[in-house]
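Last residue of the sequence shown: 390 (the working numbering), numbering continuous. Think of the CB as a built atom: it goes at the ideal place given N, C-alpha and C, for glycine as much as any other residue. Scroll down for the structure; my scribbles are underneath it.
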Amino acid sequence: MCRQVFGFRLAMIALATPTALVNANDGLPTRLVGAAVVVTFMTSYVLFRDWERFGPLLLRHPSLLALDTLFGALLLIAAGPGSTLAYVSVCTPLLAGLVYGWRGAAVFASLQALLLLLIHAAQQNPAPGITESALLPGLCVIAGAVGSSLRNLMLRFGAATQALTTVQARLAVTEAVSAERARLAREMHDSVAKTLHGVALAADGLTTSTNADRMDPALVRHQAALVARSARRAAAESRELLADLRREADPDQATDVLVELAARTRDFSTRTGLPAVYRPTGAHAVPPVPPAVARQLLTIASEAMENAHRHASPTRVDVSAGVHGDLLRISVYDDGRGLPPGTTLEQLRRAGHFGLVGMVERAASVGARIRIGRGGHPQGTEVRLELPLAALTTSTA
């Protein structure tokens, strides 16, 4: 706002200078008007251009503004209070109100008004009426009051903005905590909870077998091995989840998605007995992926393989990943029965099938596009995930 005051002052000086020079007497008065205009214009220009540098100086030393007021008085003496240059004097009390408040506005408005009245009284042909003589002093008082009011208004606006920022920060923290709780719940549901459910089912089967009238030792050993294997799997998933969460706290620990995806594909094939093959694609190396993003991508791929095994009855699963153009593309294809025609996410959500819905939500959380359907295959289902490489750069930064 103070910079704009000096901008207005520069504009007024530029507009009024030709008229003041034409109306000034020849000789010394014209030179005085020219010198006063140059000094006042240059001072105003310096303050307008480098207000951040000189503003604090003006705030600490009101005497500098008083010195500027004296230069303005010389300009009024040289050009005369009847000149349009006289309206430049209104800027001083306005600036004082903005910088120093109502006390500074009162002091400089009174000083400016006193100078104007003295210059009027010292004229050879003073204005005949008191109205013309008091016009500019009155404008100075009004300008000082306006500057002080604007200062108070801006201070209150700043306080309100700060309070609003504080409230927004608190709301952001609350939303972040809620989002983190929902994310942890989703992570537990998609990994450990499902495995523990399998452990419970296997344990129930073992209990039934041991309580039978004719216990089959081979069946009991098989079911006990299944319980032990499922329990170890749950423990491994818990350790994996904790390790991933710790890595997410340190964004410098990037993840090699291809290595992790290949390992998960091998583990899936070993655990389920379903042939699953991983192959890298693309002509370029995949850049390191931030842990938070990598966890979402790998969880989507793992969930796609698990869905194929549970629901599609496939004979094989093909997993591929690589960089294609400016996209990181991950594909999971199975040759099973595929999705029923016309299936939508809303139908799945209403039916309580949240696997595909969760995959879509995870993809959206990292800025990736996901397509679920046949793709270019005659049958089966392909889950294709495409993440712009620019999102990796942004997440790393």
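Scanning its chain for C-beta atoms nearer than 7 Å, with the 5 sequence neighbours on each side dropped, one finds around THR188 the residues SER223, ARG226, ALA227 and GLU230, in chain order. Within the DSSP bridge table, the entry for TYR326 names ASP311 and GLU375 as partners.
Proximity of the stretch 210 to 222 to the stretch 248 to 263 falls short of the contact definition, fewer than three beta-carbon pairs being nearer than 8 Å. DSSP places GLY348 inside the alpha helix (DSSP H), whose first and last residues are 348 to 358. In this chain, the alpha helix (DSSP H) harbouring ALA285 covers 284 to 300.
Taking C-beta atoms under 8 Å as the contact rule, GLY368 and GLU375 qualify, at a distance of about 4 Å. Excluding its 5 nearest sequence neighbours in each direction, GLY191 has C-beta neighbours in its own chain below 6 Å: SER223, listed in chain order.
The bridge partners DSSP lists for VAL270 are ASP311.
Per DSSP, reduced to three states, the secondary structure at LEU321 is strand.
Going by DSSP, ARG257 is part of the alpha helix (DSSP H) stretching over 250 to 265.
Distance from the CA of SER262 to the CA of ASP206, rounded to the nearest whole angstrom, comes to 36 Å. Inclusion of PRO280 and LEU385 in the CB contact set at 7 Å is warranted, their separation being smaller than that value.
Beyond the five residues adjoining it in sequence on each side, VAL134 comes within less than 6 Å, by CB distance, of ALA102 in the same chain, given in chain order. By the neighbour-count criterion, in which a residue is buried when 16 or more other Cβ atoms sit within 10 angstroms of its Cβ, MET147 is exposed. Look at VAL316 here: in three-state DSSP terms it is strand.
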